[in-house]
Amino acid sequence: MTKFSGFAHLYSSSSSDSINSNGVAVLVAIVVEVMVVVVVVVVVVVVVVVVVVVVVVVGAVMVGVAEVRRLVIVELVKWKRSGTVGSQVAAVVVVVVIVVLVVIVEVVATVVAEAAAAVLVVIVVVVVVVVVVIVVVVVVVVVVVVVVVVVMAIAVVEK
Numbered sequence: 001m002t003k004f005s006g007f008a009h010l011y012s013s014s015s016s017d018s019i020n021s022n023g024v025a026v027l028v029a030i031v032v033e034v035m036v037v038v039v040v041v042v043v044v045v046v047v048v049v050v051v052v053v054v055v056v057v058v059g060a061v062m063v064g065v066a067e068v069r070r071l072v073i074v075e076l077v078k079w080k081r082s083g084t085v086g087s088q089v090a091a092v093v094v095v096v097v098i099v100v101l102v103v104i105v106e107v108v109a110t111v112v113a114e115a116a117a118a119v120l121v122v123i124v125v126v127v128v129v130v131v132v133v134i135v136v137v138v139v140v141v142v143v144v145v146v147v148v149v150v151v152m153a154i155a156v157v158e159k
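Going by UniProt numbering, the first residue of the sequence shown is number 1, and it counts up by one from there.
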């Protein structure tokens with residue numbers, strides 16, 4: 001056997017239990033880190049999809065409301081021009097009620113869209129921070145593992 005035989009000593013039956021348990025601990029730590037990253041990514045994707053759907057639905061509602069308002073006003077103007085005084089008053093009342101309702105819906109839709117955009121910004125910032133922290137932790141774990149393996153290899157070589 002050569003003086004240094006690579007990393008086979010980590011898994012050989014002649015090595016001590018502490019070396020094997022350290023290897024298992026490192027593998028468990030790496031698996032846990034990967035699981036945390038996967039969970040964070042899944043949660044972020046779900047939240048982003050929900051926010052995008054909310055924004056798209058709110059936009060569609062706003063476009064639909066604007067189109068309905070336009071069509072109703074056009075029809076009521078036609079009705080007003082062809083009718084009596086009573087029908088003209090009714091047309092004006094209906095137009096006012098519809099315009100008020102449309103404005104309320106547009107305000108609510110705008111507030112919801114703005115809130116969804118703000119939530120999306122917060123999510124992006126949180127995700128960036130979490131990813132940076134995870135990357136730093138993974139780098140530190142990898143550096144520590146490499147240092148421990150090198151120190152153990154040097155100790156085996158010096159025996």
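Yeah, the Cβ is synthetic: ideal placement off N, Cα and C, and Gly gets one too.
1. Return the chain-ordered list of same chain residues with a C-beta closer than 6 angstroms to the C-beta of residue 55, the five sequence neighbours on each side being excluded.
2. In whole angstroms, what is the alpha-carbon distance linking residue 15 and residue 28?
3. Please name the residue in 128, 146, 143, 106 whose C-alpha comes closest to that of residue 57.
4. Spatial neighbours of residue 119 within its chain, please: C-beta separation below 7 angstroms, excluding the five flanking residues on both sides.
5. Among the residues of its own chain, which have a CB less than 7 angstroms from the CB of residue 138, if the five just before and after it don't count?
6. Quick check on residue 109: buried or exposed, where buried means 16 or more other Cβ atoms within 10 Å of its Cβ?
7. Please report the straight-line C-alpha distance between residue 61 and residue 134, rounded to a whole angstrom.
8. Is the Cβ-Cβ distance between residue 89 and residue 76 less than 8 angstroms?
9. What is the DSSP secondary structure of residue 159, reduced to helix, strand or coil?
10. Assuming the contact rule is C-beta atoms closer than 8 angstroms, residue 130 and residue 40 should be a hit. Round their C-beta distance to whole Å, please.
11. Have a look at residue 43 and residue 30 and give me their C-alpha separation to the nearest angstrom.
12. Tell me the rounded alpha-carbon separation between residue 145 and residue 127.
On the basis of the coordinates in this document:
1. Taking C-beta separations shorter than 6 angstroms and ignoring five residues to either side along the sequence, the partners of residue 55 in its chain run 113, 116, following chain order.
2. Low local confidence applies: a pLDDT of 48 at residue 15 is under 50, so the model's placement there is unreliable, and no value is given.
3. Checked all of 128, 146, 143, 106; the closest Cα to residue 57 is 106.
4. 51
5. 33
6. buried
7. The alpha-carbon separation between residue 61 and residue 134 amounts to approximately 40 angstroms.
8. In this structure, residue 89 lies away from residue 76, with their beta-carbon atoms at least 8 angstroms apart.
9. coil
10. 6 angstroms
11. 20 angstroms
12. 26 angstroms
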